[in-house]
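Undergrad:
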Amino acid sequence: MVKSDNLLTDAERNRLNASINVLNQECFFAAMTSMFNNRGYAPFSEVGIDPTFIGCGNIIGNFNNPVLKFNNTDCMSTDVVEEEFFHLFQRRMYAASSAITSANYSAALGFLEFEAYLQRDIKTHIKSPIFIGTGYNFALKNSDNTFQAQYITWLNTLTNNRTKWPTTIDFNTYKMWAERFAATNSKYKNFGYTFNINLPPNALISIVNESNCSK
Ligand SMILES: [Zn+2]
1 MVKSDNLLTD AERNRLNASI NVLNQECFFA AMTSMFNNRG YAPFSEVGID
51 PTFIGCGNII GNFNNPVLKF NNTDCMSTDV VEEEFFHLFQ RRMYAASSAI
101 TSANYSAALG FLEFEAYLQR DIKTHIKSPI FIGTGYNFAL KNSDNTFQAQ
151 YITWLNTLTN NRTKWPTTID FNTYKMWAER FAATNSKYKN FGYTFNINLP
201 PNALISIVNE SNCSK
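Numbering follows the working numbering, in which position 135 of the sequence shown is assigned residue number 135; successive positions increment by one, without gaps.
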């Protein structure tokens, strides 16, 4: 999903490839990358290191020609690589279906971010016997205990008690949790995400449906 890694040093390239190799063992990531290639979606034109932004991974450049930046080599973790690659998949798929355009892209950002969080929360929920611990992205980590418990209950429902990936997600419930995520996640609540467009998690669902994940 990256066209050129010429900006990376050998050590940086090795770190990135190590994460990709780990992720390729996972049903969701493997399905996502093969769909990406089969559909002929345009990859990141470049990948590089840029220590000037806040956070670990960032997609810069114009809407049609995004560039992937990591803050530093340690940021090339499996979590960050998976998230940024998923963001590129979302952008290509939703642009292809006209669900998002360069004009409404900023209005879609809250949904795009929550969908990425939910994907990893589902994955971790299926894999982990302990909910809140290391390795969890956990969209509701800054919410209060009541909402966290309700979110976990929803994850239990989505995953058939941690056994399967969901093949459908009710949009109104999804939107409610997306709004709560945006309001309480300390990293994102200042972004002023809006949810005025209907953007159901079709990237997540379509990847699951084409994957070998239990579902
Ligand atoms: Zn993100």
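Ideal Cβ positions, reconstructed from N, Cα and C, are used throughout, including at glycine. Just so it is clear, the structure is predicted and the values come from calculations on it, not from any experiment.
So what's Ile205 in DSSP terms, helix, strand or just coil?
TA: Helix at Ile205.
Undergrad: Comparing C-alpha positions only, which one of Thr153, Asn37, Arg13, Gln90 sits nearest to Ser77?
TA: If we check each option's Cα against that of Ser77, Arg13 comes out closest.
Undergrad: Assuming Ile57 is part of the beta strand (DSSP E), what are its boundary residues?
TA: Checking the sequence, you will find Gly at residue 57 rather than Ile. Its beta strand (DSSP E) spans residues 57-60.
Undergrad: Note down, in chain order, each residue of its chain lying with its Cβ closer than 6 Å to the Cβ of Val22, except the 5 sequence neighbours on either side.
TA: Correct list, in chain order: Thr78.
Undergrad: Considering only heavy atoms of ligand 1 and the C-beta of each residue, which residues fall inside 6 Å, strictly closer?
TA: The answer, residue by residue, is Glu83, His87, Glu113, Ala116.
Undergrad: Three or more C-beta pairs closer than 8 Å, one from the region 159-167 and one from the region 175-188: is that the case here?
TA: Judged by Cβ distances under 8 Å, the region 159-167 makes no contact with the region 175-188, as fewer than three pairs qualify.
Undergrad: Gly133: buried (16+ other C-beta within 10 angstroms of its C-beta) or exposed?
TA: Annotation note: pLDDT 48 at Gly133 (below 50); position unreliable, coordinate value reported separately. Gly133 is exposed by the Cβ-count criterion.
Undergrad: What are the residues that DSSP puts in a beta bridge with Leu217?
TA: The structure shown does not extend to residue 217, since the chain spans only 1 to 215, so no value can be given for it.
Undergrad: Rounded to the nearest angstrom, what separates Ala31 and Ser211 at their Cα positions?
TA: Ala31 and Ser211: Cα-Cα distance of roughly 5 Å.
Undergrad: Spell out the partners DSSP gives Val67 in its beta bridges.
TA: Answer is Ile60, bridged to Val67.
Undergrad: So, do the region 172-182 and the region 50-65 have three or more beta carbon pairs nearer to each other than 8 Å?
TA: Taking 8 Å as the limit for Cβ pairs, the verdict is that the region 50-65 does not touch the region 172-182.
Undergrad: Name the one or two DSSP bridge partners that Gly48 has.
TA: Answer by DSSP bridge pairing, in chain order: Lys69.
Undergrad: Among the candidates Lys3, Phe70, Glu82, whose CA atom is the shortest distance from the CA of Phe44?
TA: Ranking Lys3, Phe70, Glu82 by Cα distance to Phe44 puts Lys3 first.
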